[in-house]
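Residue numbers (this note's numbering): 6 to 308.
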Ligand code: CP
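Next up, the structure:
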């Protein structure tokens, strides 16, 4: 079993991991040796704070071991992805990879003889969505019937949220004036529309009125954020997206909680005031990456 897009997981499997992650958070000592003698290889083609830290700490706290592999310093740069993966999966018990291309992630999963976890590619961020759902359940007490409004660029995080929410009964309204072409997955939209839980609108003010949770993400993907060649596109996108910033004015008629998967860009997709406000559950959400990393590892390595 792998975790690549979240599309391949059933609602029951997603909810099982969420509930186990809550239990792991509550009673960490019960799981101290659960992955004794197990090794996780973590391959990164892109930068990361939360994904790297949560999986590495998760393995340590479960009694196992994690190896950080910077793609650029490995022979994945020279050899075939499939050949390198076939070797790697003979020496470790699980692979977590953050790669540029979803197609490479699929190639890793196909070649591996151990479970593979997608640590975020251009289309999907399933580990983030599981942590987000755990946070909603923890804060609101349920998933079914909760109304989440995602305001931002339609990207990998948005895709995985749509899958996770519609599989667990969360109503998701997407306010996405810009769509990342590289992230598009029509299958996700078609499946979500069939559930009756997914809506789109460009009227952010109206959408947040009865929201339980308002969620946003960066307008620029991490691999382009500091890229000089992307400067003009960054400016164009900022101008388009600024009216959709999550700020006090937008949220003045709602008690909705606010989520962001981080890293954040204060003054762009979210105001600093909202980040520091009582309604922000952003740091609880990021903390929960650790417990859900443990939940995901236990699901994949103990079944
Ligand atoms: N949200 C998230 O995946 O954070 P990192 O990019 O820091 O891993």
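Cβ coordinates follow ideal geometry from the N, Cα and C atoms, glycine included. Predicted model, so just to flag it, every value in this text is computed and none were measured.
query, result
"Distance cut-off 7 angstroms: residue 77 Cβ against heavy atoms of the ligand CP", "no"
"CB contact flag (residue 174, residue 134, <8 angstroms)", "no"
"Inter-residue spacing [alpha-carbon to alpha-carbon] between residue 200 and residue 6", "25 angstroms"
"Residue from 219, 284, 233 whose Cα sits closest to the Cα of residue 274", "219"
"Residue 100 and residue 119 closer than 8 angstroms at C-beta", "yes"
"Pairwise C-alpha distance: residue 62 and residue 92", "25 angstroms"
"Contacting residues, own chain, Cβ-Cβ under 6 angstroms from residue 179 (five flanking each side not counted)", "155, 205"
"8 angstroms contact criterion, which residue 161 and residue 117 should meet: CB distance rounded", "Residue 161 to residue 117, Cβ: 21 angstroms. No contact."
"DSSP bridge partner residues for residue 4 (one or two, in chain order)", "No statement about residue 4 is possible, as the shown extent of the chain runs from 6 to 308 and does not include it."
"Every unbroken alpha helix (DSSP H) inside the segment 176-238 [4 residues or more]", "191-200, 209-213"
"Beta-carbon separation (whole angstroms), residue 70 vs residue 44, contact threshold 8 angstroms", "5 angstroms"
"Cβ-based burial, residue 258 [other Cβ within 10 Å; buried from 16]", "exposed"
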